[in-house]
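Okay, so the sequence shown: first residue is 6 according to my numbering, each after it adds one. Where is the CB? At the ideal position from N, CA and C, for every residue including glycine. Because the structure is a prediction, the values reported are computed rather than measured. Some notes on the structure that comes next.
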Amino acid sequence: MMTAITERQLRAETILQQLGGQCFIIFTGSKQFVAIENGLMFALPARLAKEGINKIRVLLDLNDTYTVEALKVNARFGTVKVIGFESDIYCDGLTASFERLTGLYTHF
6 MMTAITERQL
16 RAETILQQLG
26 GQCFIIFTGS
36 KQFVAIENGL
46 MFALPARLAK
56 EGINKIRVLL
66 DLNDTYTVEA
76 LKVNARFGTV
86 KVIGFESDIY
96 CDGLTASFER
106 LTGLYTHF
């Protein structure tokens, strides 16, 4: 039985494909992808990205650009710290923004 894909899921899948899809996942070790209200959130492996960044949130803005937020989430204490963010990013600039914020490369 086929299930209908929601607009939220479609938006999140589109963002993942714009980041590089399966190659992006392999290169960065990204996991725990979650379709959020206006975008996509995912986890990075512990101590891999600079400044302890362990979550990324990509939000679609009303002007059809993205805001990329690099977060340090501490589940034990229930804290979320925004380490950095970039806004007004077009889809072709998502990987470069991710690389600048995290220090991780998304391709060779």
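Are residue i and residue j closer than 8 Å when you measure CB to CB?
i: Ile20; j: Gly44; result: yes
i: Ala75; j: Leu109; result: no
i: Asn59; j: Lys77; result: yes
i: Arg13; j: Glu56; result: no
i: Gly25; j: Leu49; result: no
i: Val63; j: Phe90; result: no
i: Thr111; j: Phe47; result: no
Under three-state DSSP, which class holds residue i?
i: Thr84; result: strand
i: Met6; result: For Met6, the predicted structure reports a pLDDT of 48, less than 50, and the residue's modelled location is therefore unreliable. The matter cannot be settled from this model.
i: Arg62; result: strand
i: Ser92; result: strand
i: Tyr110; result: coil
i: Thr72; result: strand
Thinking just about the alpha-carbon of each residue, which of the options is nearest to the one in residue i?
i: Arg16; options: Ala54, Ala75, Cys96 and Lys77; result: Cys96
i: Phe38; options: Asp93, Arg52, Glu18 and Thr107; result: Glu18
Compute the Euclidean distance between the alpha carbons of residue i and residue j, then round it to the nearest angstrom.
i: Ala40; j: Arg105; result: 23 Å
i: Ala30; j: Val85; result: According to the sequence provided, residue 30 is Ile. The question's Ala does not apply to it. If you take the alpha carbons of Ile30 and Val85, they lie about 23 Å apart.
i: Ile88; j: Asp69; result: 24 Å
i: Tyr71; j: Cys28; result: 21 Å
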